[in-house]
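Per this note's numbering, the sequence shown runs over residues 83 to 383.
C-beta: ideal position from N, C-alpha, C; glycine also.
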Amino acid sequence: MLPSFLHANDQIRIVSPSGSIHPEYIDGATKVFSDWGLKVTEGKHARSEYGRFAGTPEQRTADMQEALDDPNVKAVLCSRGGYGLSQIIDKLDFRNFSTSPKWVIGFSDITVLHNVITNLGIASIHGIMAKHLTELHPNGEPALRLRKILFGELQIYSVSHHAQNKFGKAEAKLIGGNLSVLMGLRGSRFDLDYSNAILFIEDIDEAPYKLDRMIQNLRFSGVLSQLSGLVVGQFSDCEEDPQMKQTILEIVTDAVRDYNYPVCFNFPSGHVDYNLPLLMGANVKLEVSGKGAELNFKSFF
């Protein structure tokens with residue numbers, strides 16, 4: 083299910099359910115959304131600071147719950163990732179949200195929310211947050227495509243050929259997000275159903291051997307064998323380790339070697355400025371060939 087698309091004067095709420103954020107980034111996101119014709123409101127504790135977090139667990143839970151429940155709020159921007167949602171996700175009640183869904187936007191630690199929303203059968207947006215909305219050009223592709231999606235224009239992405247791509251076609255639900263966060267949810271009630279899905283993964287600042295450990299878990303737990311496709315995003319600031327004898331992309335390539343589904347490498351989404359928005363939990367068509375890869379959300383709606 084797709085939440086209702088936005089219209090002029092709809093309300094978007096900025097909340098900070100994870101890490102604390104510089105207030106100027108909330109100001110910057112507010113300006114961008116106002117320029118889009120939206121009414122912007124904030125969670126009471128969106129600008130709070132409690133150690134590394136944007137408020138105490140109770141404060142962050144209250145802000146997030148109010149945003150999920152308020153019928154006047156049509157979209158929710160999580161101001162930043164960092165860490166914190168794992169502390170409060172089991173305290174949130176999604177019953178009102180599931181009957182009256184709204185767009186939830188963010189990435190990185192916000193993968194926790196994407197998992198829950200995907201499991202409810204509702205789509206959410208893996209996309210840029212307050213810092214990038216403030217610092218990037220408002221007509222740059224990440225912001226422009228986010229705006230188009232929110233207002234009802236679904237996207238088709240074309241990606242250049244990568245030497246390690248695996249050719250093929252798949253039509254399935256897109257799931258996933260930050261690999262480290264996904265692994266932190268494995269075995270819990272917030273884990274995903276990976277069967278016949280197209281998995282998207284990205285990460286930042288992780289040692290190659292740690293990433294290898296995560297990928298091997300997905301392999302020997304049977305996750306990789308269940309997929310219909312794989313989209314590998316950006317692994318930013320993950321320095322290569324010569325002692326591993328493989329690059330990160332080679333580790334992934336080896337892990338999926340025995341499977342026949344399409345694999346797209348170097349998709350422009352993750353902890354980078356050129357971070358294209360993805361509809362998590364939505365059906366998508368993935369086609370990988372010698373010309374490159376295409377990710378098409380538009381053909382399903």
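In the three-state reduction of the DSSP assignment, Ala-136 falls in the coil class. DSSP places Tyr-239 in the strand class (E or B) of the three-state scheme. According to the DSSP secondary-structure assignment, Thr-112 is paired through a beta bridge with no residue. Distances from the alpha-carbon of Leu-195 to those of Gly-222, Cys-160 and Thr-181 put Cys-160 closest. For the segment 124-168, the continuous beta strand (DSSP E) assignments of 3+ residues that do not extend past its boundaries occur at 155-160, in sequence order.
For the options Asn-178, Glu-376, Trp-185 and Pro-99, the alpha carbon positioned closest to that of Gln-237 is the one of Glu-376.
A Cβ-Cβ distance of about 13 Å is found for the pair Leu-84 and Phe-233, leaving them out of contact under the 8 Å criterion. Fully enclosed beta strand (DSSP E) runs of no fewer than 3 residues occupy 185-188, 206-208 and 238-241 of the segment 181-258, in order along the chain. Under the Cβ criterion (8 Å, minimum of three pairs), the segment 113-122 does not count as touching the segment 250-269.
For the pair Thr-216 and Ile-170, the Cα-to-Cα distance works out to about 27 Å. Within 10 angstroms of the beta-carbon of Glu-284 lie 16 or more other beta-carbons, which makes it buried. Under the criterion of beta carbons closer than 8 Å, Asn-247 and Cys-346 qualify as touching, at roughly 6 Å.
In its chain, beyond the 5 residues on either side, Trp-118 have a beta carbon closer than 7 Å to the beta carbon of Arg-229. Taking 9 Å as the cut-off, the beta carbon of Val-366 is found closer than this to the beta carbon of Ile-280. Phe-302 sits exposed, since fewer than 16 C-beta atoms from the chains shown fall within 10 Å of its C-beta.
Residue environment: Thr-143 is assigned as buried (16 or more neighbouring CB atoms within 10 Å of its CB, all protein chains considered). In chain order, Gly-374 and Glu-376 place their CB closer than 7 Å to the CB of Ser-240, counting only its own chain and leaving out the 5 sequence neighbours on each side. Each residue's CA atom was taken as its position, placing Tyr-356 and Leu-368 some 20 Å apart. If you draw a straight line from the Cα of Ile-210 to the Cα of Gly-372, it comes to about 30 Å.
Going by DSSP, Met-265 is part of the alpha helix (DSSP H) stretching over 261-266. Closest option to Gly-363, judged by alpha-carbon separation, among Ile-204, Arg-162, Pro-224 and Ser-318: Ile-204.
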